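Residue numbers (full-length UniProt numbering): 1 to 1169.
These notes concern the structure reproduced below.
Rendered as structure tokens:
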């Protein structure tokens, strides 16, 4: 019985779950039967030479559809193979990386369609070996090995790496044969052996040839003609494909030494053979089709019927509208399930014209390079010349066809993308998708059981919960949420606005997506989409029909990770209310400063900055410090709903509390391969995954743990980012610190149990800093002693230490390693997406890696900075061969100017510019909003005002944005809650702050970061804002002063955009400095009397000093007047006429700027207060 043809395959329209299971059973039966049938397997054996990131993808593009590719003489860096993403699409790479010199010389790429039959064999020498299991039909051991050419000096490969002679190569072949004999496997041995065993050359060792022939005596070489061709050299047979059973094997020379691949002399060969158990398996294939006209027609009819029902109850209307919308889609949706051959979705067939051009090129090459005397067709020299010219034209045409084919692939994958870059992103995600850690074999019902069990086993008794303690600024609760169909202003969230922001493919358990709802008639938008959401928010309901999530399962090495996706209506509802929730929580101070998770202007960096400041200050004082990164078991999924609602009851009430409480209840349906599981009600634990509001609600709940520490205790601090918690504890010695830490951890453990959470001691990390050499110290967590570690990862940054002192050099090295991986990945697909998109993706990936927490981390040291910056700049030169990053010594071969040109041409920022822009922006956010109080206190001590004219130190900058924060809060509570905010500030202070702002903007005052006297070296080097204070102080005045401007990002961006690019980690290099110096006499540039000056010069000096003092005094006085006028112009509500007149009466041109400001502050207090 033959396998069914495509037309004979089972096909069901609108199948039920039972139908899907039946089709899956038929798939399994077909796959079992298929193993009995003969099928063809195709091998490629090739020597591409030294490998780069795009070698494998180029080869697969040129020769698609092969099952196994055996490649050798690679001299490849380990990074090119250790990253599975770099393997060609739909292939898995096996390689041998055990050579002492660290390079990989051979590899075998196996199609994922048969990869389940392949296992890796032990490494022998430089050989890569795998076993192809054919079930009851036995197995084949495939070995690919490269033989390095021996030398008679100290650089000999075998002597240098294996302390042996070239005869060790024969030992490797013998061992490969012995491995095959253990289970009676057949063997195929291939590779470039750099010797001719049939007709030995003069340079070939006769002893080596005899030994190879003896080992391979039971094998037949599938290659009969010369394999290596190079100009001005005799062709030779040095590449082999040795088989024990060569019957029925077809061999084809590929002429890869010619264009377009042009490998170095090696022609490469394709082998095809018949075997059983290799047929591509069957799978269940699902497709959908929607009747757009029918949906549009039925939506109008159903809308009319819905309005005719005149439903008054909001809940009933929501349920009915959802039911009708589902019926419209179901009626006009045709779901087709069928059985087909398994294939890679992104793998496209080579177009017919491209394939024919390749065939023509191969045929032309076979004529040009044919050296056989038996060929009846002979061509004279003139005819060969014409054919060569024809072959060159074919190569040019093939390059054009490849570009066309890549563009078509881009269009196919991109779908409805309108912009080329969006298409590039889609192609990138498709081509660089990481392989799953394991294959999910379970069906949807078994996966649903695992989801339920995962939740049950991580929850604990919720009865211990007592209460949450919040300290709001105003005693008010949020009662309800506002909602608009269309926004009245840009600051308001609306149903229509949030609907338009949705992705087309986002869908919940019912399969309803934006793309489908867009098919409804536009007149039905209000009845089926806007009105249900409007009624839900206005009535304070979270409809039951929207509480079912579609759950997708991601495999982990052990266990699963469920990802829940809400219904599209629920997603819009939550996006409408989330900004109102965050505004109320922020303005009323419900979240402590220690909680940095999911809050505007706060980030992982701000949380890490607070940790650094505490630890480094203690290190400088000689204390012992422990950083304890707490791990909680399934933190988001364990708090009981009843306890969460009690917590939220301190903040919300009425309709707002009801809608949030009902949003916690969820059902789940697991989806896998188009099949859906049963609908299961989840336990009443945890915040819903996939919910927009869940992160904020969880942050409110978990922030209670901050209350276990006394705010006045300077020895223990706690910092949180969502559930990522780190406890910092210090003491005069280890014992004092340990006792304090264990006491804190005991209290924390009790508090977490009260909240329904659990500590996981074995996953908790501890790092200890002090000046002793003690090691293997531990701290007790619950009842488990946890040993200290040498590194600690917190919020994506790795903290290291050297001689007991904190550092981040390992973190920088890990960033460079990630960048190198991404450089290789992006270069491997450059032919798919084009040059411009390649550079854009390179910037997006690698600058993204660089920028993580970069604003608060210390400045990179020269070694790592040069390595990372050079790596980035070299990767921009995508037209150049990509072999440069394989060897570190090649970094120095590229001229400095070439690197600068590549960076300038791309328009990308340097590493220094990235850090300075982020640092500058963080200064603005800290000064303006001050949410992280630790950072705010530090910047208040460090940011200093100086007089521009005299260089006089005026003092640290006051809290000039205090009024802005109070006004923001006042306006919010007045508008939303109709109450008066409790915050207040004196008018004289407001005037004083506005005057300082004006002086800064007019550049009469300049801002600099000045560390306090006596500050320790560790804090000065590692902690924000001192990490870059010297570089910040070297910026021009207008850029430094821009940290008080709301558009500071655009100011710094414009400044760096026009500057000279250089790889050095500093503001100016030797080429940045203006070399046009004016020759000014020393006594004029720096007027001071010396014994060497003449009498005339001394008189001129005195005149210059007097003139300078007079000019400075006038300028300072005029600057104060101008600043007062500027404040009055911008803030007419302040009515500064009285203050101006008093200042003109009492002000003196002789006063320094500090005295002027102090006098104005006193005058303002006297007039306004």
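Built from N, CA and C at the ideal position, the CB exists for glycine as well.
Values in this document were obtained by computation on a predicted structure and should not be read as measured data.
Beta-carbon spacing of residue 146, residue 192 below 8 Å = yes
What's the gap between the Cα of residue 226 and the Cα of residue 392?
-> 23 Å
Does the beta-carbon of residue 873 have 16 or more other beta-carbons within 10 angstroms, so that it is buried, or is it exposed?
-> buried
Cβ shell of residue 357 (< 8 Å), same chain only, five flanking positions each side left out | 394, 397, 398, 401
Straight-line Cα distance separating residue 89 from residue 1170 | Nothing about residue 1170 can be reported from this structure: the residues present for the chain run from 1 to 1169 only.
In whole angstroms, what is the alpha-carbon distance linking residue 296 and residue 684?
-> 40 Å
Among the residues of its own chain, which have a CB less than 6 Å from the CB of residue 610, if the five just before and after it don't count?
-> 719, 934
Local conformation of residue 734 per DSSP, three classes = Correct three-state label for residue 734: helix.
Counted within 10 angstroms of its Cβ, other Cβ atoms place residue 1193 as buried (16 or more) or exposed | What the structure shows of the chain is the stretch from 1 to 1169, and residue 1193 is not part of that stretch, so it cannot be assessed.
Cβ neighbours of residue 716 in the same chain (closer than 6 Å, five flanking residues each side left out) = 709, 729, 744
Residues sharing a beta bridge with residue 150, DSSP = Paired residues: none, contrary to the question.
So residue 991 and residue 1164 are in contact, right, with Cβ under 8 Å, and what is the actual spacing, rounded?
-> At roughly 5 Å, the Cβ-Cβ gap stays under 8 Å, so residue 991 and residue 1164 are in contact.
Alpha helix (DSSP H) runs contained entirely in the stretch 954-1002, provided each spans 4 or more residues | 962-972, 987-1001
From residue 984 to residue 940, what does the alpha carbon distance come to, in whole angstroms?
-> Taking the straight line from one Cα to the other gives about 20 Å.
If you run the structure through DSSP and keep just helix, strand and coil, what is residue 668?
-> Strand, per DSSP.
Nearest neighbour of residue 218, chosen from 228, 224, 544, 243 [CA to CA] | Of the candidates 228, 224, 544, 243, the one whose C-alpha sits nearest the C-alpha of residue 218 is 243.
So is residue 360 in contact with chain D if we call contact Cβ pairs under 8 Å?
-> The structure shown has no chain D; it contains just one protein chain.
Just list the alpha helix (DSSP H) runs in the stretch 120-169, keeping only unbroken ones of 4 residues or longer that don't cross its boundaries, in chain order.
-> Here the runs fully enclosed are 157-162.
Terminal residues of the continuous beta strand (DSSP E) containing residue 780?
-> 778-781
Rank 148, 1127, 87, 448 by C-alpha distance to the C-alpha of residue 101 and give the top, closest one.
-> 148
Mind checking residue 1172: buried by the 16 CB within 10 Å criterion, or exposed?
-> Not covered by the structure: residue 1172. The range shown for the chain is 1 to 1169.
For residue 40, the residue or residues it bridges with in DSSP = 274
To the nearest angstrom, report how far apart residue 621 and residue 1017 are at their CA atoms.
-> Taking C-alpha positions only, residue 621 is separated from residue 1017 by approximately 10 Å.
Residues bridged to residue 1168 by DSSP?
-> Note: residue 1168 sits in no beta bridge, so no partner.
With DSSP as the reference, label residue 341 as helix, strand or coil.
-> strand
Which one or two residues does DSSP pair with residue 53 in a beta bridge?
-> Answer by DSSP bridge pairing: none, since residue 53 is not bridged.
Roughly how far, in whole angstroms, is the beta-carbon of residue 1052 from the beta-carbon of residue 1039, given that I think they are within contact range, below 8 Å?
-> 6 Å
Buried or exposed: residue 365, going by 16 or more other Cβ atoms within 10 Å of its Cβ?
-> buried
Give the DSSP-derived three-state secondary structure of residue 397 in the structure shown.
-> helix
Does the stretch 671-685 come close enough to the stretch 527-539 to have 3 or more Cβ pairs within less than 8 Å?
-> The answer is no - the stretch 527-539 does not touch the stretch 671-685, with fewer than three Cβ pairs under 8 Å.
Under 8 Å, do residue 899 and residue 761 count as touching if we go by C-beta distance?
-> no
Could you give the DSSP three-state label for residue 199: helix, strand or coil?
-> coil
Work out the CA separation of residue 1070 and residue 1079 for me, nearest whole Å.
-> Since pLDDT at residue 1079 reaches only 43, below the 50 mark, its modelled position is unreliable, and no value is offered.
Going by the beta-carbon positions, is the gap between residue 580 and residue 701 smaller than 8 Å?
-> no
Three-state secondary structure (DSSP) at residue 498?
-> helix
In DSSP terms, what residue 283 is bridged to = 340
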